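**Student:**
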Amino acid sequence: MVAAKPHEERSVLVLNRRGYLQIPQGTEGFYLDEAYRHKKLTAEVEQLLYLWGYLPVQTPVFDYYDAYAALLSEDEARKIYRLIDRDGDLLMLRSDVTLFLAKQMGMILRRDDLPMRVCYADTILRHQNREDISKNEFFQTGVELIGPDTLDADLEVILLLRRTLQQIGAPLYYIHIGSRALFNAGFDQADAAVGARLRRAIVLRDMQELSAECTQLGISTARSRALQQLFSYIGDATGLSVLANSLRSELQAAELRQIERLQQLYNTLNEADDSGSYRIDLSEIGSQSYHTGIVFQAYVDGLDASVAAGGRYDRLYGRFGLDTPAVGFSIMLRKLQDDAAVDARFTPQISEAATGRTFVQRFRDAEARRRAGGSATL
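Numbering (the numbering used here), first residue to last: -2 to 375.
1. Give me, in chain order, the residues of the same chain whose beta-carbon lies closer than 6 Å to that of R34; leave out the 5 immediate sequence neighbours on both sides.
2. Tell me the rounded alpha-carbon separation between R331 and F135.
3. Mark S327 as exposed unless 16 or more other C-beta atoms lie within 10 angstroms of its C-beta, in which case mark it buried.
4. Can you give me the C-alpha to C-alpha distance between Q261 and G166, rounded to a whole angstrom?
5. Contact check, A369 vs A351 under 8 Å by CB: the rounded distance?
6. Do I277 and R177 have their C-beta atoms within less than 7 Å of each other?
7. So, are the CB atoms of L214 and Q225 less than 7 Å apart?
8. When you compare the segment 289 to 308 with the segment 190 to 203, are there three or more beta-carbon pairs, one atom per stretch, that lie closer than 8 Å?
9. Give the DSSP-derived three-state secondary structure of L259 in the structure shown.
10. Is it buried or exposed, I105, if we count other Cβ atoms within 10 angstroms and call 16 or more buried?
11. Got a sec? Which residues, its chain only, sit under 7 Å from S131 by beta carbon, not counting five neighbours each side?
12. Indicate the three-state DSSP secondary structure (helix, strand or coil) for R197 in the structure shown.
13. Once you ignore the five residues that flank T289 on each side, which residues in its own chain have a CB closer than 7 Å to its CB?
14. Three-state secondary structure (DSSP) at F97?
15. Suppose the cutoff is 8 Å on Cβ atoms and the five residues either side in sequence are ignored; what does the same chain contact list for L169 look like?
16. With DSSP as the reference, please indicate the residues paired to L90 in a beta bridge.
17. Note down, in chain order, each residue of its chain lying with its Cβ closer than 8 Å to the Cβ of A363, except the 5 sequence neighbours on either side.
18. Name the one or two DSSP bridge partners that R114 has.
19. In this structure, what does DSSP give as the bridge partners for H35?
20. For Q164 and L45, which I take to be in contact (beta-carbon distance under 8 Å), what is that distance rounded to the nearest angstrom?
21. Alpha carbon to alpha carbon, how far is R366 from S92? Give it in angstroms, no decimals.
22. When DSSP builds the beta bridges, which residues end up paired with D278?
23. In its own chain, which residues sit with a C-beta less than 7 Å from the C-beta of T120, not counting the 5 before and 5 after it?
24. Where do the N-terminal and C-terminal ends of the alpha helix (DSSP H) with Q205 fall, by residue?
25. Mind checking whether Y314 and A302 have CB atoms under 7 Å apart?
26. Mind reading off the beta-carbon distance from E141 to G325? Whole number of angstroms is fine, and I expect it under 8 Å.
27. If you follow the alpha helix (DSSP H) that F360 is part of, which residue opens it and which one closes it?
28. Check D301 in the structure and name its three-state DSSP category.
29. Using DSSP with H/G/I as helix, E/B as strand and the rest coil, what is A167?
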């Protein structure tokens, strides 16, 4: 037997110590009171989704990487955990429930099954830089309405998101609604690389970069300025109407149709729900390559990133089987779990010790306390 060299022994020791004292980036564990709150919060959300007619589905923890590779951006692909199975096939761990769900449902759905309402509550596993860990995107709860491509379907999903945030006691929040279809109509001549740069400029509200990209595409100065004004808009339907009318000479018919659809969506949302929770935000254009229509994100006061995101993806299911539209959202419950208002509702009961001289007496006393709604230990 060959003895290990001293520096090799130190390397093994460091690796072993890290394995014992740390968990991989992109994973997490939580325990006791924290785990209790998570379970109770998830159960309450699921019960609400059931009342809206959404039934649960469970996606696999890993699947074949090649099935999803074309749908992943360069940045998304870098975050995925990959592994080789015993047959030599490349697998990926579940990093996006929507993708895995689209494949599972797309393979089994038939046209007669539609419309289909499904919900899920699943862990996701993806690498995050240490500075991004605070985003807490390790667990997604969400819904998908599969089949309809109507305004009513979009309304249902957004209203369900609003109702879910209300149900769990989220603090002050706003749902920002935009349109990937509007972006696609405005920049239909852009290839994938240019489209990615345009989306980044709009999301970051970098109008100087957006102007530069428009110049590269040969877009006139007047139209470039109109697009900069359009994609920086946040407000209500009335304000959007005023802006669109002022820019009408530089906007295309397809863009005006998408603006009208957003106005109709916004007005109907506020007619159905007067909470004042909605904003038209045209910098919301969807973070996923598969988005095709409306997109939206929910922002909670005091948090620096959205707690929920959703949108329409009418061509995603067709890549895996039945070609049918879909719209849905996912909530990152872990971001909300530690909020004081939410925490107060899901704190574990304090268990009291049962009384009695014998075990049987203590058991009977504990059972009586539990029947009365208390928590008791033996």
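Glycine included, every Cβ here is placed at the ideal spot set by N, Cα and C.
Source: prediction; values computed, not measured.
**Tutor:** Reading off the structure:
1. Beyond the five residues adjoining it in sequence on each side, R34 comes within less than 6 Å, by CB distance, of Q334, F343 in the same chain, given in chain order.
2. 7 Å
3. With 16 or more other Cβ atoms within 10 Å, it is buried.
4. 28 Å
5. Contact doesn't hold; Cβ gap of about 12 Å is too wide.
6. no
7. Against a cut-off of 7 Å, the Cβ pair of Q225 and L214 comes out as no contact.
8. no
9. helix
10. exposed
11. In this prediction, S131 has a pLDDT of 41, which is less than 50 and means its spatial position is unreliable; nothing more can be read from the coordinates.
12. Under the three-state reduction of DSSP, R197 is assigned to helix.
13. R177, A178, R309, Y310, D311, R312
14. helix
15. V297, D298
16. Residue pairing from DSSP places L90 in a beta bridge opposite F59.
17. Closer than 8 Å at Cβ, skipping near neighbours: A351, A373, T374, L375.
18. L142
19. Its beta-bridge partners do not exist; DSSP assigns none.
20. Correct: roughly 5 Å between the Cβ atoms.
21. For S92 and R366, the distance between alpha carbons rounds to 43 Å.
22. I231
23. F135, F136
24. Q205 -> alpha helix (DSSP H) spans 204 to 213.
25. no
26. 4 Å
27. 356 to 368
28. coil
29. coil
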